[in-house]
Structures are given as C-alpha cells and as structure tokens.
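Worksheet: one structure, shown below.
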Amino acid sequence: MFQQIAVITTLLLGCVLAFEFKNVAEFYKGIAMEDWQKFQENLTSDELAVLGEIYGEYPDIRKTHKIVAEMEKRSPTLYDKFMNNKRAKMDKIFVLGSEARAFVTKVKLIEGKYAVQLATGKLDDKVKAAMLNLFEEFEALSSADKTDFGKNYPHHFKLFSNKQVLESLEAEE
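Put into structure tokens, the structure is as follows:
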C-alpha cells in the first residue's frame, strides 16, 4: 500500500513541478510531497509499514510529538532516520547568513503553525496576513542573503520570488 502511495506521490509531484505555482496552496502541496518522497527513499519496507501504521493512528500532522514518540517505540531505525533528516534540515538553516537565517526561521514557524491550512489551501485571514508579511520580509532581504537563501532553499526561493503568488494572495484579501 505504501509503495502505491509513493508512486502516486511521485506522479503528482511530477505534475505539480511541471507548472508554475500560482498560489501558496499549490506550492505547499508540491514541496510537502517532495520532502516526503526524499525521506521515504531511504526507508525499508518494514519502516514504511510502521510509518503507515503510525500515520493511520495519528492522521493529524500537528501531533508531531506523539508521532515521533511512536516511531521511537516501534522502530528505532525509523526514528533515527527521521531525526537525522530533521538535523539535516536544521544544518541547512545554520549555514545561512543572519538575515536569511532569521527569515527561514520565520518561514518554518509559519509553515508549522499553519501546516494543515497551507496543505489544504483553506487559508484564513491570519494565514494570508502571515504569508504576505513573509513576502515583504523576503523583498527586504539583501541580495547576498537572497542568493544564500536561493542556494539552500530553491523551492521556497521560487515561491517568494513569484509575483503571481503574491498577487493571488493580495487578491484574496
């Protein structure tokens, strides 16, 4: 079953990446699928099965602490891979310049706080305001920090430099 999900995810990812993102929800669906796919590539079939069981019990992705605790209990190797993935993501943040690092930290906080809304495309006024604020902060970054950000977060760079996405957010206000 998990292999079927991976195949469908791959196909959807190909379709999503073939188009220019015109709104925030399209972007987050694409980036979430890509991150998830990269993580799954190194998992064994047993680890994939455990992961499927855990997410079946905790479909709300905001319950990360419970999901991670279950991973550690059921499959220490899966837990280690998950934590290594998380550390690698944090290492990417620490190599950035100070402005870019502060910006990425804010982006990650917004993404975490509004993950479900961003993934489903059901953006309320708080999410729209937060995303518009991020676009303003991106524009305020120095060119060196934008370059640094673009090297380490190319998909996010593509999002924040896409004027159509900004216009779609502003039009929804």
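Read left to right, the sequence shown gives residues -18 to -1, 1 to 155 (mature numbering (1 follows the signal peptide of the UniProt record, and there is no 0)).
C-beta atoms are modelled at their ideal positions from N, C-alpha and C, and glycine is treated no differently.
task = Assign aspartate 107 to one of two classes, buried (16 or more other C-beta atoms within 10 Å of its C-beta) or exposed (fewer than that).
result = exposed
inquiry  = Between which residues of its own chain and phenylalanine 85 is the CB-CB distance below 7 Å, once the five residues before and five after are set aside?
reply    = Glu119, Phe120, Leu123, Phe131
Tell me the start and end of each unbroken alpha helix (DSSP H) in the region 28 to 68 that is at least 4 residues and wholly inside, in chain order.
-> 46 to 56
Where does glutamine 70 land, buried or exposed, given buried means 16+ other C-beta within 10 angstroms? The sequence given here places alanine at residue 70; glutamine does not occur at that position. Around the beta carbon of alanine 70, a 10 Å sphere encloses fewer than 16 other beta carbons of the protein chains shown; the residue is thus reported as exposed.
On the DSSP letters alone, give me the boundaries of the alpha helix (DSSP H) that lysine 104 sits inside.
Here lysine 104 belongs to no alpha helix (DSSP H), and DSSP marks it neither H nor E.
I'd like to know if the region 73 to 85 and the region 47 to 59 are in contact, where contact means that at least 3 CB-CB pairs between them fall below 8 Å. no
* Separation of phenylalanine 139 from leucine 151, as counted between CA atoms -> 17 Å
| Quick one: what does DSSP say valine 77 is sitting in, helix, strand or coil? | coil
- prompt: Hey, how far is the Cα of lysine 110 from the Cα of threonine 87?
  reply: Whole-angstrom Cα-Cα distance: 18 Å.
Per DSSP, what kind of secondary structure is asparagine 144 in: helix, strand or coil? Three-state result, asparagine 144: coil.
Local Cβ density within 10 Å of lysine 145, reported as buried at 16 or more and exposed below that: exposed
Taking the alpha helix (DSSP H) that serine 125 belongs to, which residues open and close that run?
First-last of the alpha helix (DSSP H) with serine 125: 125 to 134.
Reducing DSSP to helix, strand and coil, say where asparagine 24 ends up. coil
Would you check if the distance between the CB atom of isoleucine 92 and the CB atom of leucine 116 is smaller than 8 Å?
yes
Let me check understanding here. Comparing Cα to Cα, which of Lys104, Ala153, Ile75 lies closest to aspartate 127?
Ile75
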